[in-house]
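Here's the structure, in structure tokens; my notes come after.
In this note's numbering, the protein residues as written are 323 to 515.
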């Protein structure tokens with residue numbers, strides 16, 4: 323025969339698991355927050371976006387060269403305002419309220435670059451996954467950046483994702499100036515590509 327508890331006893335038993343769950347969620351949230359601050363202080367960035375392999379990246383004292391991963395503050399302009407407002411990029415501490423972005427360097431001083439809807443060409447080679455999309459997943463029109471064949475100067479960089487054809491990168495915002503690049507980072511541990 324089943325035991326029947328008075329309603330107020332049932333309510334008391336139900337509150338206990340809810341309190342335990344709330345404490346667990348709070349503890350996990352605080353732990354993640356503290357770990358992320360600790361990682362930043364020690365020069366570790368945690369990438370959770372699909373523009374680069376998800377994982378941990380360490381700040382390194384290296385030159386900005388083709389193939390390097392870099393962290394940069396976007397320049398303040400209408401394209402990045404739109405990207406922030408549509409959540410293509412995170413909010414953060416960069417001017418304009420933008421978050422720091424991680425991308426890979428695909429062209430630098432002396433490289434010849436052209437950008438159009440068909441994609442990006444660097445030194446005569448068409449880059450895979452570089453075609454511009456006309457709209458995002460929500461159907462919003464994307465900017466269509468265009469650059470005729472041009473040799474980059476000493477302070478210009480082409481920054482892209484080489485793993486995500488939907489990444490918000492140079493296809494939509496063009497070249498990035500050297501003074502926007504904050505750090506060179508190297509993957510420490512990643513688990514996707």
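Where a beta carbon is used, it is the ideal one built from N, C-alpha and C, also for glycine.
{"query": "Between the Cα of residue 440 and the Cα atoms of 453, 486, 497, which residue gives the shortest distance?", "result": "453"}
{"query": "Please report how far the alpha carbon of residue 517 lies from the alpha carbon of residue 341, in whole angstroms.", "result": "Nothing in the structure corresponds to residue 517, since the chain is present only between 323 and 515."}
{"query": "With DSSP collapsed to three states, give me the class of residue 348.", "result": "helix"}
{"query": "Spatial neighbours of residue 469 within its chain, please: C-beta separation below 7 Å, excluding the five flanking residues on both sides.", "result": "435, 436, 437, 496"}
{"query": "Looking only at its chain, what residues have a beta carbon closer than 7 Å to the beta carbon of residue 498, apart from the 5 residues adjacent to it on each side?", "result": "394, 479, 481"}
{"query": "Given this structure, state the Cα-to-Cα distance separating residue 447 from residue 380, to the nearest angstrom.", "result": "30 Å"}
{"query": "Does the segment 387 to 403 come within contact of the segment 415 to 425, defined as at least 3 CB pairs closer than 8 Å?", "result": "yes"}
{"query": "Using DSSP bridges, identify the partner residues of residue 385.", "result": "Answer is none; residue 385 lacks a bridge partner."}
{"query": "Quick test of your reading: residue 428 and residue 449, contact by CB under 8 Å. State the CB separation rounded to the nearest angstrom.", "result": "7 Å"}
{"query": "I'd like the list of long-range same chain contacts for residue 502, defined as Cβ closer than 8 Å, with 5 residues on each side in sequence excluded.", "result": "394, 395, 396, 397"}
{"query": "Determine, using beta carbons only, whether residue 484 and residue 431 come nearer to each other than 9 Å.", "result": "no"}
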